[in-house]
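Engineer:
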Amino acid sequence: MRIRLTGLPAEVETAAARIAGVVTVLETSRPYPRRGNSALVSLYLDVTLNAPAEGAPPASTDPTGDARR
């Protein structure tokens, strides 16, 4: 799975580190500057999901990920 983070450089670095605590990060891109005169960057993470913790509720099987039913 690929996740794109967009924000200020410090924000995306912090978010990437936090995400790494809940999924396995296979690869992290360099920060790419956003188009135009923007202070924002995009950073891409290639990840796989970790196995669920013992006793955790099952993940949704809805392909849209909508668990509000």
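The opening residue of the sequence shown carries number 0 in numbering that gives the first Met the number 0; numbering runs sequentially from there. For every residue, glycine included, the Cβ atom is placed at its ideal position computed from N, Cα and C. A quick note: this is a predicted structure, and the numbers were derived from the prediction, not measured.
What residues in its chain sit with their C-beta under 7 Å from that of L39, if we drop five residues either side in the sequence?
Structural biologist: For this step, residue 39 is matched to residue 40 along the sequence shown. Answer for L39: T5, G6, L7, R33, listed in chain order.
Engineer: Could you name the residues of the same chain whose beta carbon sits closer than 7 Å to that of R3, not counting the 5 residues immediately before and after it, in chain order?
Structural biologist: Indexing the sequence shown from 1 puts residue 3 at position 4. Excluding residues within five positions, the ones whose Cβ falls inside 7 Å are S41, Y43.
Engineer: Roughly how many angstroms lie between the CA atoms of S37 and A9, to the nearest whole one?
Structural biologist: In the sequence shown, the residue the question calls residue 37 occupies position 38. In the sequence shown, the residue the question calls residue 9 occupies position 10. Computed Cα separation, rounded: 14 Å.
Engineer: Count the other CB atoms, across all protein chains shown, that sit within 10 Å of the CB of V11; report buried if there are 16 or more and exposed otherwise.
Structural biologist: Along the sequence shown, read from residue 1 onward, the residue named residue 11 stands at position 12. Flag for V11 reads buried.
Engineer: Closest to R29 by CA distance: which of A50, D45, N49 is it?
Structural biologist: Here the question's residue 29 lines up with position 30 in the sequence shown. For R29, the nearest C-alpha among the options comes from D45.
Engineer: Can you find the residues in the same chain that come closer than 8 Å, C-beta to C-beta, to N49, ignoring five residues on each side of it along the sequence?
Structural biologist: What you label residue 49 is simply residue 50 of the sequence shown in a count that begins at 1. V21, V22, T23.
Engineer: Less than 8 Å between the CB atoms is what I'm expecting for A15 and T27, so what's the real figure, rounded?
Structural biologist: Reading the sequence shown from its first residue, position 16 is the one you call residue 15. Reading the sequence shown from its first residue, position 28 is the one you call residue 27. Indeed, because the Cβ distance is near 6 Å, the residues count as touching under 8 Å.
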